[in-house]
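K.L.:
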Amino acid sequence: MPLQSLRGALRLLLIGFVFTAGIWVQASGTLDELLFYLPDVQFLAIEHLWLTAVSGGLAILVAIPLGIILSRPSMARAAESAMQVLNVGTTIPTLAVLALSMSFLGIGTVPAVFGLFVATLLPITRNTYAGLKGVSAALREAAAGIGMSPLQRLIKVELPNALYVIFAGMRTALTINVGTVPLAFLIGAGGLGELIFTGIDLYDPVMMLAGAIPTALLAIMVDALIATTAFVAVPRGVNPSRA
Amino acid sequence: MIRLDNLTKVFDTPKGAVVAADHINMEVPSGEICILLGPSGCGKTTTLKMINRIIRPTSGKVFINGEDTTGLNTQELRRSIGYVIQQIGLFPNMTIEENIAVVPKLLGWDKARYKARVRELMHMIALEPDAFLKRYPSELSGGQQQRIGVARALAADPPVMLMDEPFGAIDPINRAVIQDEFLKMQQDLRKTIMFVSHDIDEAIKMGDRIAIFRAGKLEQYSSPDDLLADPKDEFIESFLGEDRALKRLNLVKVHDLVSQEVGTVTPDDDLGMALSRMDDFGYHSAIVMVNERHQPVGVIRRSLARTTKGYCRDHFEPLPTVTHLDDDLRKVASLMFAHDMTWLPCVDEGGRLCGHITQRDITHHLGARYRVQQADAITEV
Numbered sequence: 200m201p202l203q204s205l206r207g208a209l210r211l212l213l214i215g216f217v218f219t220a221g222i223w224v225q226a227s228g229t230l231d232e233l234l235f236y237l238p239d240v241q242f243l244a245i246e247h248l249w250l251t252a253v254s255g256g257l258a259i260l261v262a263i264p265l266g267i268i269l270s271r272p273s274m275a276r277a278a279e280s281a282m283q284v285l286n287v288g289t290t291i292p293t294l295a296v297l298a299l300s301m302s303f304l305g306i307g308t309v310p311a312v313f314g315l316f317v318a319t320l321l322p323i324t325r326n327t328y329a330g331l332k333g334v335s336a337a338l339r340e341a342a343a344g345i346g347m348s349p350l351q352r353l354i355k356v357e358l359p360n361a362l363y364v365i366f367a368g369m370r371t372a373l374t375i376n377v378g379t380v381p382l383a384f385l386i387g388a389g390g391l392g393e394l395i396f397t398g399i400d401l402y403d404p405v406m407m408l409a410g411a412i413p414t415a416l417l418a419i420m421v422d423a424l425i426a427t428t429a430f431v432a433v434p435r436g437v438n439p440s441r442a
Numbered sequence: 044m045i046r047l048d049n050l051t052k053v054f055d056t057p058k059g060a061v062v063a064a065d066h067i068n069m070e071v072p073s074g075e076i077c078i079l080l081g082p083s084g085c086g087k088t089t090t091l092k093m094i095n096r097i098i099r100p101t102s103g104k105v106f107i108n109g110e111d112t113t114g115l116n117t118q119e120l121r122r123s124i125g126y127v128i129q130q131i132g133l134f135p136n137m138t139i140e141e142n143i144a145v146v147p148k149l150l151g152w153d154k155a156r157y158k159a160r161v162r163e164l165m166h167m168i169a170l171e172p173d174a175f176l177k178r179y180p181s182e183l184s185g186g187q188q189q190r191i192g193v194a195r196a197l198a199a200d201p202p203v204m205l206m207d208e209p210f211g212a213i214d215p216i217n218r219a220v221i222q223d224e225f226l227k228m229q230q231d232l233r234k235t236i237m238f239v240s241h242d243i244d245e246a247i248k249m250g251d252r253i254a255i256f257r258a259g260k261l262e263q264y265s266s267p268d269d270l271l272a273d274p275k276d277e278f279i280e281s282f283l284g285e286d287r288a289l290k291r292l293n294l295v296k297v298h299d300l301v302s303q304e305v306g307t308v309t310p311d312d313d314l315g316m317a318l319s320r321m322d323d324f325g326y327h328s329a330i331v332m333v334n335e336r337h338q339p340v341g342v343i344r345r346s347l348a349r350t351t352k353g354y355c356r357d358h359f360e361p362l363p364t365v366t367h368l369d370d371d372l373r374k375v376a377s378l379m380f381a382h383d384m385t386w387l388p389c390v391d392e393g394g395r396l397c398g399h400i401t402q403r404d405i406t407h408h409l410g411a412r413y414r415v416q417q418a419d420a421i422t423e424v
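Residue numbers (this note's numbering), protein chains in the order written: chain G, 200 to 442; chain S, 44 to 424.
1) Output needed for S/P82: all residues of its chain with C-beta closer than 8 Å, excluding positions within five of it in sequence on either side, in chain order.
2) If we cut at 9 Å on Cβ distances, does G/K332 have a partner in chain S?
3) Quick one: any contact between the segment 65-82 of chain S and the segment 414-425 of chain G, if contact means 3 or more CB pairs under 8 Å?
4) Leaving out five residues on either side along the sequence, give the residues of the same chain with a beta carbon under 6 Å from the beta carbon of S/A272.
5) Applying a beta-carbon distance threshold of less than 8 Å, which residues of chain S neighbour G/V356?
6) So the candidates are G/D239, G/Y236, G/L299 and G/Y328; which of them puts its Cα closest to the Cα of G/P264?
7) Does the beta carbon of S/Y179 come closer than 9 Å to any beta carbon on chain G?
8) In angstroms, rounded to a whole number, what distance separates the CA positions of S/D322 and S/L289?
9) Against G/A343, what residues of chain S qualify as contacts under a CB-to-CB distance less than 8 Å, listed in chain order?
10) By the 9 Å beta-carbon criterion, what residues does the segment 251-266 of chain S contribute toward chain G?
11) Taking S/I139 as the reference, which of S/Q130, S/T101, S/I128 and S/L164 has the closest Cα?
12) Under the DSSP definition of a beta bridge, which residues are partnered with S/Q235?
13) Can you check which of these residues, S/N334, S/Q263, S/R178 and S/A246, is closest to S/L133 by C-alpha distance?
14) Does the beta carbon of G/M347 come closer than 9 Å to any beta carbon on chain S?
15) Please report whether the beta-carbon of G/P272 lies at a distance below 9 Å from any beta-carbon of chain S.
16) Just to confirm, is the Cβ distance from S/L368 to S/K296 under 9 Å?
17) Quick one: measure Cβ to Cβ for G/A343 and G/R352, integer angstroms, because I've assumed they're closer than 8 Å.
18) Please report the straight-line C-alpha distance between S/Q263 and S/Q303, rounded to a whole angstrom.
19) Tell me whether the beta-carbon of S/K58 lies closer than 9 Å to the beta-carbon of S/G125.
20) My understanding is that S/L294 touches S/P267, with C-beta atoms under 8 Å, so please give their C-beta distance in whole angstroms.
21) Which two residues bound the contiguous beta strand (DSSP E) that contains S/G103?
22) Nearest to G/V437 by CA position, among S/S346, S/P201 and S/P180, is which residue?
23) Listed from N- to C-terminal order along the chain, which residues in the segment 425-436 of chain G have their beta-carbon within a distance smaller than 9 Å of any beta-carbon of chain S?
24) Hey, does G/A337 have any beta-carbon neighbour from chain S nearer than 9 Å?
25) Can you check DSSP and say which residues form a bridge with S/Q263?
26) Does G/N376 pass the burial test, meaning 16 or more other C-beta atoms within 10 Å, or should it be called exposed?
27) DSSP puts S/K52 in a beta bridge; with which residues?
28) Distance, Cα to Cα, S/N108 vs S/D200?
29) Does the separation of the CB atoms of S/V305 and S/L396 fall below 9 Å?
30) Taking 9 Å as the cut-off, decide whether the C-beta atoms of S/I279 and S/L314 are in contact.
31) Just checking my contact of S/S195 with S/I236 at CB under 8 Å: how many whole Å lie between their CB atoms?
32) Taking Cβ-Cβ distances shorter than 7 Å, what residues in chain G pair up with S/V146?
33) Find the nearest neighbour of S/T364 within the set S/H298, S/F380 and S/D357, judged by alpha-carbon distance.
34) In the DSSP output, what is S/A329 paired with across the bridge?
35) Can you list, in chain order, the residues of its chain with a C-beta nearer than 7 Å to that of G/A388? Leave out the 5 residues immediately preceding and following it.
36) From which residue to which residue does the alpha helix (DSSP H) around G/Y328 run?
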């Protein structure tokens, strides 16, 4: 009971805060200034999403098969080393990855997509691998014992049971991807980073916000989109959010 | 029929080669349940899993219905063998219906055929199809899940089934119920079954034959009664337990040793008649009184008949309990102990008296095999 009243109070506080912020934004004229950037935001948001779609899409296309291959029993020995390499890979900051890819591929969209691709690859591979490895030995034995071929086992039993974990990986990876795209501006790839970094350079907070707020909204949107897809796509029997 | 011919498995471990199954030779006749029994690590599960190649044999052959399975495609072989495991292994991503229909679908049955088959199986395992088919395994109790596991193994009507401690993870009360249900199904289905267990009581209850394993070797392979009456060596004796003679009580039914001839009195007989009947039949303590439909209604005590005059209907005592022809001796012995009686009347399905069974009959029956052995031993000397 006290917890519920606390949550109620917090919710009221939040609504009050948003309302006050809205009044301030309107009264100070910031809203009009932000709306001034609307055409730029529209154009850059599409560019932003396009970068995410291409780099994230490629990452999914590579990461899931890679995770599947690594999870095969015949790969067991190689898989651990491969996962180590990928883990070390994540510790490299995305900015460094972008800088590295720029020094090989030059300036523009291609190195940016490549850098984002590398940064997105790992969480998806890791979750695919972990999800498939997490399918219980009993299930795999049952699937084998009733006469499924290795491919049938993968498609009918292992993947459906790992799907929730795989989707969780995609959700994390793509949300981070959207949040990382602004850095791509630094190597000349466009996106909402253009407003953010230019705003910082010009010491123009409104311009920066005009980039930052839509970036945050896009990240939330992408997250919600994948969560919804997972809700629908993962079979009810193995979907904790539909249990 | 399942026949194992010199089936051997050697595991290469860092500590050297371990022989998990050492030249196993055995045959399970069609329609029988063979229990593979032994302590953990004895090779019983390895032997079972070599039949459907979950574990690849190092050497040796498996014959099913006379056919050497060595040349068969692994997937096709497995689809022709029902497989039930302890962890049940229902696919949580599939509904109950999809789970049961997995093998028929793999075999390419059309939809109408496998749907009808699923319903048939649900009736067989006594679960209401409409209530369960669209649900997921996680929504079922453990006992219900393993019933579905058995149904899934039976779906394509395989002649042979392998069961790896199928009821091991189910609580004792439900386990007994499922075992009984399964035995009842087996009476109609007559599958050839290999069944791994580490529970001697389960083995005696379920098995037509029991194979005892120890350290990768098949030590003894015989019917439960032979096994309990005549264990081959001390290891098997100790594995069966000191009360192994009592365990044989489970295996013998009342109708195997009920006395056909039974003396009775009717309510209209007088007590003198009762006393002379007791003398005629050699009853020391009492005689049963039956009604006009030959149903036992009471007993006349010898002590009472000797000292009192009158009609039986005025002097009988109620009958504490009766046994049925299909009861096993364990139940009979338990009833005797509970009611402090040395004999019990036995009734048929109609409740009519058809004989009686005494403690002496039971001990005589169980002891018969040992006396034969002792006699043999003496003549050998």
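Note that CB positions come from ideal geometry on N, CA and C, so glycine has one too.
Since the structure is predicted, the reported quantities are computational estimates derived from the model, not experimental observations.
P.N.:
For this structure:
1) Position 39 of the second sequence, counted from the first residue, corresponds to residue 82 of chain S. Cβ within range, chain order: H241, R257 and F282.
2) Residue 332 of chain G sits at position 133 when you count from the first residue of the first sequence. No, its Cβ sits nowhere closer than 9 Å to a Cβ of chain S.
3) no
4) Counted from its first residue, the second sequence places residue 272 of chain S at position 229. Hits under 6 Å: R412.
5) For the purposes of this step, residue 356 of chain G is taken as the residue at position 157 of the first sequence. Ordered by position in chain S, the residues that pass the 8 Å Cβ test against G/V356 are F134 and N136.
6) As a position in the first sequence, residue 264 of chain G is number 65, starting the count at 1. Closest by alpha carbon: G/Y328.
7) As a working note, residue 179 of chain S is residue 136 in the second sequence. So, interface residue.
8) The residue given as residue 322 of chain S occupies position 279 in the second sequence. The residue given as residue 289 of chain S occupies position 246 in the second sequence. Between S/D322 and S/L289, the C-alpha separation is close to 32 Å.
9) In the first sequence, counting from the first residue as 1, residue 343 of chain G sits at position 144. Those are I97 and R121, listed as they occur along chain S.
10) none
11) For this step, residue 139 of chain S is matched to residue 96 along the second sequence. For S/I139, the nearest C-alpha among the options comes from S/L164.
12) Walking along the second sequence from the start, residue 235 of chain S turns up at place 192. Sequence inspection shows Thr at residue 235 of chain S; the Gln mentioned does not correspond to that position. DSSP output for S/T235 lists S/V203 as bridge partner(s).
13) For this step, residue 133 of chain S is matched to residue 90 along the second sequence. Ranking the options by Cα distance to S/L133, first place goes to S/R178.
14) On the first sequence, residue 347 of chain G is found 148 positions in, with the first residue counted as 1. Answer yes: the Cβ-Cβ gap between G/M347 and chain S drops below 9 Å somewhere.
15) Residue numbering aside, residue 272 of chain G sits at position 73 when the first sequence is read from its first letter. No, its Cβ sits nowhere closer than 9 Å to a Cβ of chain S.
16) On the second sequence, residue 368 of chain S is found 325 positions in, with the first residue counted as 1. On the second sequence, residue 296 of chain S is found 253 positions in, with the first residue counted as 1. Yes, the Cβ-Cβ distance between S/L368 and S/K296 is below 9 Å.
17) As a position in the first sequence, residue 343 of chain G is number 144, starting the count at 1. As a position in the first sequence, residue 352 of chain G is number 153, starting the count at 1. Right, their Cβ atoms sit about 6 Å apart.
18) Position 220 of the second sequence, counted from the first residue, corresponds to residue 263 of chain S. Position 260 of the second sequence, counted from the first residue, corresponds to residue 303 of chain S. Using only the alpha carbons, I get a separation of about 36 Å.
19) Taking the second sequence and counting its residues from 1, the one referred to as residue 58 of chain S is at position 15. Taking the second sequence and counting its residues from 1, the one referred to as residue 125 of chain S is at position 82. Not a contact, by the Cβ cut-off of 9 Å.
20) Within the second sequence, residue 294 of chain S is the residue found at index 251, counting from 1. Within the second sequence, residue 267 of chain S is the residue found at index 224, counting from 1. S/L294 to S/P267, Cβ: 6 Å. Contact.
21) Along the second sequence, read from residue 1 onward, the residue named residue 103 of chain S stands at position 60. S102 to I107 is the extent of the beta strand (DSSP E) around S/G103.
22) In the first sequence, counting from the first residue as 1, residue 437 of chain G sits at position 238. The shortest Cα separation from G/V437 among S/S346, S/P201 and S/P180 belongs to S/P180.
23) V433, P434, R435 and G436
24) Taking the first sequence and counting its residues from 1, the one referred to as residue 337 of chain G is at position 138. Yes, G/A337 counts as interfacial toward chain S.
25) Residue numbering aside, residue 263 of chain S sits at position 220 when the second sequence is read from its first letter. Bridge partners of S/Q263: S/I255.
26) Locating residue 376 of chain G in the first sequence gives position 177, counting from the first residue. G/N376 comes out buried.
27) Within the second sequence, the letter at position 9 stands for residue 52 of chain S. According to DSSP, which records beta bridges pairwise, S/K52 is partnered with S/A64.
28) Here the question's residue 108 of chain S lines up with position 65 in the second sequence. Here the question's residue 200 of chain S lines up with position 157 in the second sequence. The alpha-carbon atoms of S/N108 and S/D200 are separated by roughly 15 Å.
29) Residue 305 of chain S sits at position 262 when you count from the first residue of the second sequence. Residue 396 of chain S sits at position 353 when you count from the first residue of the second sequence. Their beta carbons are under 9 Å apart, which means S/V305 touches S/L396 by this criterion.
30) Here residue 279 of chain S is taken as the residue at index 236 of the second sequence, counted from 1. Here residue 314 of chain S is taken as the residue at index 271 of the second sequence, counted from 1. Their beta carbons are not under 9 Å apart, which means S/I279 does not touch S/L314 by this criterion.
31) As a first step, residue 195 of chain S is located in the second sequence; it is residue number 152 there, counting from the start. As a first step, residue 236 of chain S is located in the second sequence; it is residue number 193 there, counting from the start. Inspection of the sequence shows that residue 195 of chain S is occupied by Arg rather than by Ser. Not really, about 15 Å apart at Cβ, beyond 8 Å.
32) Numbered from 1 along the second sequence, position 103 holds the residue referred to as residue 146 of chain S. What S/V146 touches in chain G: I345 and G346.
33) Within the second sequence, numbered from 1, the residue matching residue 364 of chain S stands at position 321. When each option's Cα is compared against that of S/T364, the closest is S/F380.
34) Sequence index remark: in the second sequence, residue 329 of chain S carries index 286 (1-based). Looking at the DSSP assignment, S/A329 forms a beta bridge with S/R344.
35) Looking up residue 388 of chain G in the first sequence gives position 189. Contacts found: L250, G307, T308 and A311.
36) The sequence position of residue 328 of chain G within the first sequence is 129, counting from 1. Taken as a continuous stretch (DSSP letters only), the alpha helix (DSSP H) holding G/Y328 covers T308 to K332.
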